[in-house]
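Protein chains in written order, with my numbering: chain A, 1 to 342; chain B, 343 to 684.
Quick reminder that beta carbons are idealized off the backbone N, C-alpha and C, glycines included.
On a predicted model such as this, the values are computed, not experimentally measured, just so you know.
Worksheet for the structure shown next.
Number of protein chains: 2
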Amino acid sequence: MVGKRPTISDIAKAAGVSTGAVSYALNNRPGVSEPTRRRIMDIADRLGWVPSSAARSLSDGRANAIGLVVDRPARVIGVEPYFMQLISGIQGALAGGPTSLLLQVTDNSAAELAAYRRWWGERRVDGVLLVDLVQNDPRVELVQELRLPAVVLGEPVVPDLPCVWTDDELAVVEVLEYLVALGHRRIVRVAGPTKFVHTQTRSRAFTTAAARLGLAEARVVHADYSDEAAARVTRRVLTSGTPPTALVFDNDVMAVSALGVAHELGLTVPDQLSLVAWDDSALCRLVRPALSAVRRPIAERGAAAVRLLLDVINGAPAEQVKTSDPELVPRSSTSHPPPPTP
Amino acid sequence: MVGKRPTISDIAKAAGVSTGAVSYALNNRPGVSEPTRRRIMDIADRLGWVPSSAARSLSDGRANAIGLVVDRPARVIGVEPYFMQLISGIQGALAGGPTSLLLQVTDNSAAELAAYRRWWGERRVDGVLLVDLVQNDPRVELVQELRLPAVVLGEPVVPDLPCVWTDDELAVVEVLEYLVALGHRRIVRVAGPTKFVHTQTRSRAFTTAAARLGLAEARVVHADYSDEAAARVTRRVLTSGTPPTALVFDNDVMAVSALGVAHELGLTVPDQLSLVAWDDSALCRLVRPALSAVRRPIAERGAAAVRLLLDVINGAPAEQVKTSDPELVPRSSTSHPPPPTP
DNA sequence: CGTAATCCGTTAAGCGCTTAATTACCCTAC
DNA sequence: GTAGGGTAATTAAGCGCTTAACGGATTACG
Chain A
1 MVGKRPTISD IAKAAGVSTG AVSYALNNRP GVSEPTRRRI MDIADRLGWV
51 PSSAARSLSD GRANAIGLVV DRPARVIGVE PYFMQLISGI QGALAGGPTS
101 LLLQVTDNSA AELAAYRRWW GERRVDGVLL VDLVQNDPRV ELVQELRLPA
151 VVLGEPVVPD LPCVWTDDEL AVVEVLEYLV ALGHRRIVRV AGPTKFVHTQ
201 TRSRAFTTAA ARLGLAEARV VHADYSDEAA ARVTRRVLTS GTPPTALVFD
251 NDVMAVSALG VAHELGLTVP DQLSLVAWDD SALCRLVRPA LSAVRRPIAE
301 RGAAAVRLLL DVINGAPAEQ VKTSDPELVP RSSTSHPPPP TP
Chain B
343 MVGKRPTISD IAKAAGVSTG AVSYALNNRP GVSEPTRRRI MDIADRLGWV
393 PSSAARSLSD GRANAIGLVV DRPARVIGVE PYFMQLISGI QGALAGGPTS
443 LLLQVTDNSA AELAAYRRWW GERRVDGVLL VDLVQNDPRV ELVQELRLPA
493 VVLGEPVVPD LPCVWTDDEL AVVEVLEYLV ALGHRRIVRV AGPTKFVHTQ
543 TRSRAFTTAA ARLGLAEARV VHADYSDEAA ARVTRRVLTS GTPPTALVFD
593 NDVMAVSALG VAHELGLTVP DQLSLVAWDD SALCRLVRPA LSAVRRPIAE
643 RGAAAVRLLL DVINGAPAEQ VKTSDPELVP RSSTSHPPPP TP
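What follows is the structure, given as structure tokens:
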């Protein structure tokens with residue numbers, strides 16, 4: 001068994017049949033009798049046979065692999081638990097099946113496009129997952145041009161593209177109502193980069209809900225998910241004329257960073273300032289005070305996306321799947337706003 | 343260009359030569375004249391030709407892919423920036439080349455072995471990366487039995503297996519000497535699971551250095567990298583008879599968790615308790631007080647491992663590569679121990 | 001009893017590429 | 001004038017698997 005990989009013709013020889021018969025038997029298709037099939041199967045696993053993916057791909061045109069490329073600078077990617085959780089979910093749905101995951105991490109969108117194009121050209125993947133969609137995303141055009149099956153992890157913005165999304169608007173509203181119930185009126189949302197569709201969705205929901213709740217002073221400012229940018233922005237917001245009493249962040253790192261800034265400015269959390277993080281994580285749980293956060297079903301998203309992608313690859317129509325809803329996990333970083341200073 | 347992928351025979355037809363000639367030309371081997379080669383090349387990229395990885399694999403036996411399987415429970419994997427940084431480094435070394443990364447995340451070691459075996463059987467990878475080696479690791483035996491090129495990310499424990507390692511012992515000594523210089527005598531190391539080789543290496547270095555420095559009360563306790571276990575262990579250690587004045591952790595999550603426990607026990611950091619984290623991360627930078635930490639060149643490790651693996655695949659001998667040394671980054675979680683209570 | 005249908009299996013082509021073997025041609029040398 | 005030696009191309013086999021097309025034997029049926 002050392003170093004030598006058996007092929008179907010080894011099996012054929014051992015079983016005294018043709019390779020065609022072996023192929024039919026191993027793929028459970030008609031054309032071989034039950035006893036023969038069983039005999040072939042036995043020999044196959046006695047020999048430890050595993051189909052060569054290259055040979056199979058070449059003849060049936062399927063790669064039995066899906067691709068994911070993540071385009072975030074190395075600096076920020078290690079920090080966010082998001083991707084690892086996503087990958088966990090993806091693997092969960094892939095486990096047991098014949099499909100593998102091809103991963104690429106890049107730091108610019110041209111490289112990302114090139115990666116998809118190359119995988120397609122090399123016939124290395126049967127389909128791809130698309131994350132972090134931006135307005136008029138060139139990847140959408142690319143996959144459509146290439147007829148490369150793709151599933152978007154995000155809101156349904158492109159009509160005929162399958163996607164798996166989470167109802168963020170709901171969570172935005174929940175968070176706002178929660179803060180308002182606590183008595184907050186001046187609330188600022190510290191968002192990620194404007195270019196992302198999900199940023200826009202949340203900001204829109206935020207603005208709409210704020211208007212409905214009569215929060216004239218609610219507003220949105222932008223950072224880039226990094227702790228540095230978040231610190232800068234937070235510092236500016238908190239030292240402005242009438243500073244907000246609550247801040248809602250688009251990820252965990254920025255919220256934790258703001259915790260540091262608050263400390264530095266002598267503001268105690270939550271007594272003088274309330275903080276809400278977006279993706280919940282160990283980070284949120286571990287810092288003091290622990291951060292109230294919106295928990296999204298990230299792994300579930302990944303798993304659902306994989307299942308959908310596999311279906312689409314098999315010719316299923318482009319569905320738009322919604323995951324379970326995010327939920328607000330209140331911890332110690334949110335409380336009543338301080339009484340107005342006289 | 344839509345949906346149809348050109349093959350070398352399309353190129354051959356367009357150039358009026360045989361497919362053999364095209365193959366020679368595109369692979370830069372002798373057998374075609376310069377003008378012809380140029381003409382073929384031109385046509386190839388006008389057509390947007392990309393070699394089919396399946397066909398190439400089938401005929402030359404190379405998969406142009408390497409595999410990495412990470413065996414950590416989903417619960418903990420999202421938390422540690424380690425893997426994402428590692429993957430960033432890996433990608434960096436892979437970028438531009440023809441090789442892709444196949445990733446698998448599992449939560450038990452049987453599945454990990456199965457994954458390697460399957461990849462080998464399917465001829466999907468040319469080699470693999472091995473992380474988190476344990477004593478008598480079955481993966482070592484497996485890759486040797488299969489003659490599957492492999493590079494270990496960790497200390498050279500198996501003589502003839504190539505590896506990329508970082509001198510952790512050095513860092514352990516540096517940390518201990520630093521703490522002793524600050525005046526600490528009672529120091530406890532909160533380590534990861536005993537089974538990992540790197541845990542053992544560091545613990546051994548810790549014990550040896552402690553003895554050399556005459557620290558009779560230095561000792562090692564174990565947790566499992568999770569914040570819960572770390573909190574439990576830390577609580578126990580800090581409430582024991584003569585509690586330590588300094589704690590050294592095997593990752594960032596555990597150190598942050600301990601920060602919470604210290605807070606809960608009314609111990610201020612660093613005045614009454616000093617804390618050192620092992621892998622540096624945003625987490626360490628962002629919490630208050632910011633954690634002193636040992637920074638290791640993780641991405642560099644990944645990149646070096648890839649380069650070594652690619653060499654080994656090409657028949658190079660099994661080297662043992664050392665990365666640059668880790669360094670202690672002192673922050674606000676370490677200081678002099680409190681004066682002895684009378 | 002002849003013929004059709006059914007079942008089980010073989011044959012061979014083809015997927016896209018690499019490469020050893022072969023051929024065709026042009027030079028140079030004796 | 002022809003043997004010898006390059007060079008530039010073609011041919012064809014082969015990588016391991018799938019699958020349409022085919023064939024021989026057995027069974028069913030009128």
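In terms of CA proximity to A600/B, D569/B leads the group D569/B, L625/B, P585/B, T587/B. Close partners of S52/A in chain B (Cβ separation under 7 angstroms): E464, R465.
Assignment of beta-bridge partners to Q320/A by DSSP yields C163/A. In the three-state DSSP reduction, L328/A falls in the strand class (E or B). The Cβ atoms of V595/B and A604/B lie no closer than 8 angstroms to each other. Rounded to the nearest whole angstrom, the C-alpha separation of G67/A and I87/A is 11 angstroms. When CB distances to chain B are screened at a threshold of 9 angstroms, the residues of the segment 268-289 of chain A falling below it are S281, A282, L283, R285, L286, V287, R288, in chain order.
Inclusion of V220/A and A191/A in the CB contact set at 8 angstroms is warranted, their separation being smaller than that value. The Cβ of L129/A sits no closer than 8 angstroms to any Cβ of chain B. In the structure shown, V629/B falls within a coil segment according to DSSP collapsed to helix, strand and coil. D592/B carries a coil assignment under DSSP once its states are collapsed to helix, strand and coil. The DSSP-derived three-state label of R465/B is coil.
When DSSP states are grouped into helix, strand and coil, D132/A belongs to the coil group. Boundaries for L102/A: no alpha helix (DSSP H) harbours it, while the beta strand (DSSP E) harbouring it runs 100-106, taken from the DSSP string.
Neighbourhood of M84/A in chain B, by CB distance below 7 angstroms: I419, G420, F425, M426, in chain order.
Looking at the DSSP output, L410/B sits in a beta bridge with L445/B, L471/B.
By the Cβ test, the segment 197-207 of chain A is in contact with the segment 155-168 of chain A, since at least three Cβ pairs between them sit closer than 8 angstroms.
In this structure, the CA atom of S360/B is about 11 angstroms from the CA atom of I382/B.
Using a CB distance below 9 angstroms, the part of the segment 579-605 of chain B facing chain A consists of V595, V598, S599, L601, G602, H605, ordered along the chain. Residues of chain B with a Cβ closer than 7 angstroms to the Cβ of R118/A are, in chain order, V392.
By the rule that beta-carbons nearer than 8 angstroms mark a contact, Q446/B touches chain A.
At least 8 angstroms separates the CB of I187/A from every CB of chain B. Within the segment 429-440 of chain B, contact with chain A at the beta-carbon level (separation under 9 angstroms) is assigned to I429, S430, G431, I432, Q433, G434, L436, A437, P440.
Taking 8 angstroms as the upper bound for CB-CB distance, W620/B and V598/B are not in contact here, some 12 angstroms apart.
D569/B carries a helical assignment under DSSP once its states are collapsed to helix, strand and coil.
In this structure the segment 112-121 of chain A does not lie against the segment 321-332 of chain A, because fewer than three pairs of beta carbons, one per stretch, are closer than 8 angstroms.
Boundaries of the beta strand (DSSP E) harbouring S634/B: 634-637, taken from the DSSP string.
If you check the CB distance, V131/A and V188/A do not come in under 8 angstroms. Proximity of chain B to R5/A at the Cβ level (cut-off 8 angstroms) is accounted for by W462, G463, R465, in chain order. For L650/B, the uninterrupted alpha helix (DSSP H) run begins and ends at 640-655, by DSSP. A check of alpha carbon separations from E155/A across L133/A, D45/A, L146/A identifies L133/A as the nearest.
In the displayed model, R39/A falls within a helix according to three-state DSSP. For S399/B, the number of other beta carbons within 10 angstroms of its own is at least 16, and it is reported as buried. For D71/A, there are no neighbours in chain B by C-beta distance under 7 angstroms, as the nearest C-beta there is about 11 angstroms away. For V530/B, the enclosing beta strand (DSSP E) begins and ends at 529-533. A direct Cα-to-Cα measurement between G469/B and H526/B gives close to 46 angstroms.
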